[in-house]
Amino acid sequence: MSMFFTIAVIVLVFLVIFQIAKASEYVSVLKGEEKSRAQANKLNGFFMIAFLVLGLIGVYWCNKLLFHKTLLAREASSIQGERVDSMLWVTLIITGVVFFLTQIALFAFAYKFQENPKRKAFYFPHNNTMELIWTVVPAITLTILVVIGLRNWFFFTSEAPQNALHIEVTGKQFGWIFRYPGHDNNFGKKYFRVIDAASNPLGLIWQDNAGLKLKDDPATHDDIVTEQTVYVVKNRPVQFIINSRDVIHDVGLPEFRMKMDAVPGTPTTMWFTPKFTTKEMKERTGNPDFQYEISCDQMCGNGHYSMKGVVEVVTQEEYDLWLAKQKPSYLSAFPPAEAKPAAAAAPAADSAKTAKATGAAATDKTKI
Amino acid sequence: MSNEAVLHGNVGVGHSHDAHADHGHGHHHETFITKYVFSQDHKMIGKQFLITGMVWAILGGLMSVLFRLQLGYPDSSFPWLEDILGKWAKGGHISAEAYYALVTTHGTVLVFFVLTAGLSGTFSNFLIPLQVGARDMASPLMNMLSYWFFFMASVVMLSSLFVETGPFSGGWTAYPPLSALGDASDGSKTGMDLWLVAMALFVVSQLLAGLNYIATILNMRTKGMSMTRLPLTIWALFFTAVLGVLSFPVLFSGFILLIFDRNFGTSFYLSDIFIASVGALPNEGGSAILYQHLFWFLGHPEVYIILLPAMGMASEIISTNARKPIFGYMAMVGSLFAIVVLGFLVWAHHMFVTGLNPFLGSIFVLMTLLIAVPSAIKVFNWLTTLWRGNIRFTPGMLFAIGFVSLFISGGLTGIWLGNSALDIHLHDTYFVIAHFHIVMGVASMFGMFAGVYHWFPKMYGRYMNHTLAYTHFWLTLIGAYLIFWPMHYEGLAGMPRRYYDYGNWESFKQFLELNRFISTVVIIVFCVQLLFLFNFFYSIFKGRKVTTLNPWGSNTLEWTTPIRPGHGNWPGEIPEVHRWAYDYGKDGQDFIPQTTPVGDNESHH
Ligand code: HEM
Ligand SMILES: [Cu+2]
Ligand SMILES: [Cu+2]
């Protein structure tokens with residue numbers, strides 16, 4: 535019903551506009567083409583300046599309405615984010631100045647130099663000095679932006695600091711799996727062919743497999759696997775080693791101003807240092823439901839929009855407490871009664887390998 | 034020489050009996066089929082591209098209305114949606130599958146079918162021979178084939194909308210593995226096969242067309258038309274063709290590998306994959322990122338393929354209607370050239386967060402920000418062209434000015450995105466949507482409207498209604514900004530693109546109201562485009578007749594042809610050219626057409 539009504543209104547509006555348009559054409563024939571053209575020109579010239587003024591007011595108003603909803607309105611939650619924000623401001627100011635100057639010039643010129651039979655257009659085909667200036671000035675400005683940008687870029691993509699926490703993040707349709715290295719601080723090997731969606735979602739190699747020529751990797755036995763929520767520590771750098779199990783996903787962390795694709799077959803990494811715990815953010819934002827959300831930022835199928843994870847930033851003590859309560863997934867798959875004692879004893883021994891192994895995982899990231 | 038040969042070899046319209054061309058009995062074998070369907074006349078082929086492009090624009094636009102309805106009103110139900118979409122909108126509610134299929138088809142169709150074929154296809158065909166002074170394209174047959182390959186691509190793409198498992202739904206960039214694995218998404222089944230076939234046909238069409246445009250511009254210029262006397266439209270269309278010819282084959286190779294991975298068990302793009310519904314796949318050793326390199330090697334030049342024709346037409350129309358020469362002709366050509374060269378060296382700025390080597394990334398940052406320099410030069414030159422002009426606001430001129438405004442707004446945000454450290458934050462958010470819709474989508478659309486309004490009198494011998502055109506322009510300009518400007522704010526809040534519903538997201542559901550506002554404006558702006566459509570078709574038959582040869586007082590050659598030129602364009606000899614195309618306001622004369630010989634006491638500049 536309302537549908538018909540809407541269509542009827544649209545048709546009616548169309549008819550009215552069309553009639554006016556037809557009529558104006560007849561009028562212009564009566565009045566003489568030149569005269570009506572001059573009138574139309576005046577009108578459009580006026581619209582040019584009106585559009586400029588209303589547009590500038592609109593820009594101001596839109597900013598007033600929406601700015602507080604953006605992340606720029608509050609402090610970033612990571613030290614990387616601080617740098618992104620300050621760079622955003624510099625870029626905003628530079629491009630903003632250019633935006634206002636050029637748009638004002640465009641519409642003001644259009645208004646001011648609208649046709650006037652008394653004036654002659656100025657024959658001005660080129661001017662080398664002017665052209666040189668507006669080649670060199672943008673080039674210098676952009677160089678400044680490149681320098682700022684690349685310094686940050688190389689910082690963001692640098693090796694994670696020594697004290698960083700290492701956590702593996704794996705995307706799948708449509709959710710996130712996290713793995714912590716356990717006591718040995720060492721991620722055990724995995725292979726996608728031994729994935730079992732229920733008991734071994736990452737395909738940890740914790741059994742010999744003659745068919746696939748795999749040998750049990752004891753380093754997997756203490757690895758902790760969780761889903762949906764990842765715990766990280768305030769003021770401690772955290773490095774994510776990012777994988778995908780099926781299609782390309784992307785670990786998007788707007789509050790931390792970070793993002794990295796999860797590509798099947800090619801691990802990537804990202805690190806950042808969180809500044810505020812989740813609890814602190816609830817207070818800072820005044821929103822008791824605040825969460826650090828992980829949004830999947832790469833189209834990954836029909837459930838893409840629902841692929842949400844959560845980062846829980848806690849203090850070191852809370853983290854230790856939480857970690858102590860987690861059970862390695864090996865133990866869930868092979869409850870201790872059945873597990874071979876020899877294998878269970880292994881982990882504590884090889885913490886010496888730790889730093890090297892995680893370091894290797896970190897440098898593994900970049901293939902192009 | 035070659036000009037005449039082309040025609041005699043094909044349609045047989047010589048200048049000798051062209052006086053009758055208007056009445057159609059000058060050449061006995063011109064039937065309805067050869068004149069309107071399998072025509073080899075570049076003007077008719079141009080119109081075919083235009084009208085096919087318009088059909089796709091309506092369909093693509095309608096799709097955006099449907100998916101914006103979902104974003105604006107995620108909780109409402111519209112029973113009529115079920116009537117038109119059937120199982121894709123059960124209960125009057127667009128499903129996620131349908132949403133993604135609509136978004137994907139919208140993107141593909143607008144980028145390739147509307148803004149590539151519909152824009153450069155139309156105006157390259159229509160304008161190149163007319164403005165360089167040729168009787169037709171170098172190969173009218175190839176030209177006709179290029180349209181029919183495009184037509185076949187259209188038919189295949191359209192048919193993909195009706196398959197059981199739905200059209201492709203993985204985004205217009207079609208990244209594998211999602212696009213390679215039917216088990217990962219229904220849209221990647223038959224729908225994707227058809228998508229690939231359509232795109233392959235489309236690439237063939239573009240290559241046939243591009244080679245022809247280049248050959249025509251290089252070889253068939255009339256006497257006196259040196260390269261530096263070419264109107265900027267032709268330069269832009271020339272560079273567009275060069276971009277296409279060099280980059281479409283790379284896209285094609287990317288598609289071939291994808292077809293192999295999909296159908297023949299290869300692993301170019303696939304490795305280490307476990308799909309929940311079928312288990313581990315056999316593929317190992319492929320690189321999903323390889324596809325992205327191949328895609329964006331075309332993808333970035335493609336955005337300039339879309340933009341350059343609009344730039345060229347805006348330059349021409351602004352100069353004509355400001356009654357003033359284009360400022361810095363050589364700088365305009367030079368900056369087009371710089372854009373073409375740099376356009377090939379920036380593709381990985383779409384891939385900053387794929388795990389790209391950081392050093393390589395930094396090179397692409399440098400190149401990307403470098404490309405902003407020629408863009409800036411063009412803007413300043415357009416502004417200076419307006420300065421101290423004597424501006425006539427024809428509909429074409431309005432859209433050309435709107436084009437400049439949009440190009441500024443969208444180009445500036447490119448500087449944000451090109452800086453990788455910022456792109457980490459902004460990539461795949463609504464900020465990117467705002468950027469490319471303003472700078473490419475709407476701006477090029479404005480270029481296209483400008484071209485249609487400006488050359489309509491040459492196409493059909495009639496004018497479009499100006500009052501409707503003014504209404505169309507102002508409402509569209511205001512609407513475009515209302516739609517896309519606020520999206521920057523959504524992007525700065527981190528709101529991801531390609532989300533069907535934001536209801537579950539603490540950080541993004543705050544934008545529901547804004548989304549509703551945007552969707553409402555989308556519907557209005559879509560209706561306003563119907564105004565244009567109506568004006569276009571009505572004016573073909575009923576528009577005010579053109580009575581003078583040169584209604585806009587323009588210098589270029591197309592206005593020296595008869596009001597309704599026949600096949601062959603000029604009834605007599607092709608005119609000779611004596612000067613560049615921009616002698617407006619010189620020595621106190623309003624305009625001096627290119628065909629006017631240089632006077633003895635003319636001033637030099
Ligand atoms: C001033 C020059 C420009 C710069 C520096 C620039 C930079 C960028 C960058 C870095 C991206 C990637 C953003 C992301 O995905 O995170 C991007 C996206 C895009 N740009 Fe530009 N751009 C510029 C001008 C243009 C122009 C002139 C066009 C078209 C005519 C254009 C069309 C696009 C499109 C279509 C996308 C998005 C593709 C997609 O992901 O679907 N850009 N631009
Ligand atoms: Cu996703
Ligand atoms: Cu690009």
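Here the protein sequences line up with chains A and B, keeping their order.
Note that my numbering has the first sequence beginning at 535, numbered continuously upward.
Note that my numbering has the second sequence beginning at 34, numbered continuously upward.
Think of the CB as a built atom: it goes at the ideal place given N, C-alpha and C, for glycine as much as any other residue.
Contacting positions in the stretch 634–657 of chain A - beta carbon closer than 7 Å to chain B
T636, Q637, A639, L640, F643, A644, F647, Q648, E649, N650, R653, K654, A655, F656 and Y657
Whose C-beta lies closer than 8 Å to the C-beta of B:Y533 among residues of the same chain, with five residues either side of it excluded?
The residue you call residue 533 of chain B lines up with position 500 of the second sequence. Excluding positions up to five away in sequence, the list reads Q103, A129, Y132 and Y133.
Taking C-beta pairs closer than 9 Å, name the residues in chain E that A:R713 reaches, listed in chain order.
No chain E appears in this structure, whose protein chains are A and B.
Tell me which residue opens and which closes the beta strand (DSSP E) that A:C830 is part of.
Taking the first residue of the first sequence as 1, we reach residue 830 of chain A at position 296. Residues Y826 to C830.
With a threshold of 8 Å between beta carbons, is A:W740 in contact with chain B?
For the purposes of this step, residue 740 of chain A is taken as the residue at position 206 of the first sequence. It does not: the Cβ of A:W740 has no partner Cβ on chain B nearer than 8 Å.
For B:A343, name the three-state secondary structure that DSSP assigns.
As a position in the second sequence, residue 343 of chain B is number 310, starting the count at 1. Three-state DSSP puts B:A343 in a helix.
Under the assumption that B:I161 contacts B:L270 (Cβ atoms under 8 Å), give the Cβ distance between them as a whole number of angstroms.
Counting from 1 along the second sequence, the entry for residue 161 of chain B is found at position 128. Counting from 1 along the second sequence, the entry for residue 270 of chain B is found at position 237. Contact holds; Cβ gap of about 6 Å.
Would the C-beta of B:M190 count as close to ligand 2, meaning under 7 Å from any of its heavy atoms?
Working through the second sequence from its first residue, we reach residue 190 of chain B at position 157. No - ligand 2 has no heavy atom lying nearer than 7 Å to the Cβ of B:M190.
Ligand 3 heavy atoms versus the CB of B:V386: any closer than 7 Å?
By 1-based counting over the second sequence, the position of residue 386 of chain B is 353. Result no, Cβ not under 7 Å from ligand 3.
Given that B:T261 touches chain A, what residues does it touch there, using C-beta distances under 8 Å?
Along the second sequence, one-based indexing puts residue 261 of chain B at 228. None at all; the shortest Cβ gap to chain A is about 13 Å.
Measuring only from the beta carbon, is A:C830 closer than 7 Å to any heavy atom that is part of ligand 2?
The sequence position of residue 830 of chain A within the first sequence is 296, counting from 1. Checking the Cβ of A:C830 against ligand 2 gives yes.
Contact criterion: CB-CB distance below 8 Å. Does B:P626 meet it with respect to chain A?
Within the second sequence, numbered from 1, the residue matching residue 626 of chain B stands at position 593. No, no contact with chain A.
Assign A:T779 to buried or exposed, taking buried as 16 or more other Cβ atoms, counted over all protein chains shown, within 10 Å of its Cβ.
By 1-based counting over the first sequence, the position of residue 779 of chain A is 245. Here residue 779 of chain A is Arg; the residue named in the question, Thr, does not match the sequence. The residue is buried, with at least 16 neighbouring Cβ atoms inside 10 Å.
Can you tell me the Cβ-Cβ gap for B:M430 and B:N354, rounded? I've got them flagged as a contact below 8 Å.
Start at 1 with the first residue of the second sequence, and residue 430 of chain B comes out as number 397. Start at 1 with the first residue of the second sequence, and residue 354 of chain B comes out as number 321. Indeed, because the Cβ distance is near 4 Å, the residues count as touching under 8 Å.
A:A877 (DSSP reduced to helix, strand or coil)
Indexing the first sequence from 1 puts residue 877 of chain A at position 343. With a pLDDT of 44 at A:A877, under the threshold of 50, the predicted position of this residue should be treated as unreliable, though the coordinate-derived value follows. Helix, per DSSP.
Close-in-space but distant-in-sequence residues of the same chain around A:A879 (CB under 8 Å, 5 per side omitted)
For the purposes of this step, residue 879 of chain A is taken as the residue at position 345 of the first sequence. Residue placement at A:A879 cannot be trusted, given a pLDDT of 42 that sits under 50; the coordinates are not used to answer.
Residue environment, B:P200, which counts as buried when at least 16 other CB atoms sit within 10 Å:
Within the second sequence, residue 200 of chain B is the residue found at index 167, counting from 1. Per the 10 Å Cβ criterion, buried.
If you draw a straight line from the C-alpha of A:D784 to the C-alpha of B:M346, how long is it?
The sequence position of residue 784 of chain A within the first sequence is 250, counting from 1. The sequence position of residue 346 of chain B within the second sequence is 313, counting from 1. Taking the straight line joining both Cα atoms gives about 40 Å.
Residue ranges of each beta strand (DSSP E) run of no fewer than 3 residues wholly in the stretch 272–324 of chain B, ordered along the chain?
none
With 8 Å set as the bound, which would you pick, yes or no: does the beta-carbon of B:D534 sit closer than that to a beta-carbon of chain A?
Locating residue 534 of chain B in the second sequence gives position 501, counting from the first residue. By this cut-off, B:D534 is an interface position.
DSSP state of B:E349 mapped onto helix, strand, coil
Position 316 of the second sequence holds residue 349 of chain B. The answer is helix: DSSP assigns B:E349 an H, G or I state.
Counting along the chain, where does the beta strand (DSSP E) carrying A:F712 start and finish?
To locate residue 712 of chain A, count along the first sequence from 1; it is residue 178. Note, A:F712: beta strand (DSSP E), G709 to Y714.
A:D795 by DSSP, collapsed to three states: which one?
Here residue 795 of chain A is taken as the residue at index 261 of the first sequence, counted from 1. Three-state DSSP puts A:D795 in a strand.
What residue range does the beta strand (DSSP E) around A:Y765 cover?
Here residue 765 of chain A is taken as the residue at index 231 of the first sequence, counted from 1. Its beta strand (DSSP E) spans residues T763 to V767.
Does DSSP put A:K842 in a helix, in a strand, or in coil?
Taking the first sequence and counting its residues from 1, one reaches residue 842 of chain A at position 308. In the structure shown, A:K842 sits in a strand (DSSP, three-state: E or B).
So does the stretch 611–623 of chain A actually touch the stretch 404–424 of chain B, counting three or more Cβ pairs closer than 8 Å?
no
Per DSSP, what kind of secondary structure is A:D730 in: helix, strand or coil?
In the first sequence, counting from the first residue as 1, residue 730 of chain A sits at position 196. Three-state DSSP puts A:D730 in a strand.
Close-in-space but distant-in-sequence residues of the same chain around B:M34 (CB under 6 Å, 5 per side omitted):
Here residue 34 of chain B corresponds to residue number 1 of the second sequence, with the count starting at 1. For B:M34, the predicted model reports a pLDDT of 39, less than 50, meaning its position is unreliable and no value from the coordinates is stated.
Start and end of the alpha helix (DSSP H) containing A:L626?
If you number the first sequence from 1, residue 626 of chain A lands on position 92. Per DSSP, A:L626 belongs to the alpha helix (DSSP H) from I613 to K646.
Against A:R770, what residues of chain B qualify as contacts under a CB-to-CB distance less than 8 Å, listed in chain order?
Taking the first residue of the first sequence as position 1, residue 770 of chain A is located at position 236. Those do not exist, as A:R770 stays about 21 Å from chain B at its closest Cβ, beyond 8 Å.
By alpha-carbon positions, which one of B:F565, B:S442 and B:H487 ends up nearest to B:G474?
One-based indexing of the second sequence puts residue 474 of chain B at position 441. When only C-alpha atoms are compared, the closest one is B:S442.
Decide if the stretch 450–461 of chain B is in contact with the stretch 393–410 of chain B; the criterion is three or more beta carbon pairs, one per stretch, under 8 Å apart.
yes
Check the Cβ-Cβ distances between A:L549 and every residue of chain B, and say whether any is below 8 Å.
Mapped onto the first sequence, residue 549 of chain A falls at position 15. It does not; no Cβ of chain B falls within 8 Å.
Which residues mark the beginning and the end of the alpha helix (DSSP H) in which B:L525 is found?
Within the second sequence, numbered from 1, the residue matching residue 525 of chain B stands at position 492. Taken as a continuous stretch (DSSP letters only), the alpha helix (DSSP H) holding B:L525 covers M520 to L525.
From which residue to which residue does the alpha helix (DSSP H) around A:I591 run?
What you label residue 591 of chain A is simply residue 57 of the first sequence in a count that begins at 1. That run of the alpha helix (DSSP H) goes E567 to L600.
Just curious, the beta strand (DSSP E) that A:F918 is in, first and last residue?
Because residue 918 of chain A is not part of the residues shown, which for chain A are 535 to 902, the question remains open.
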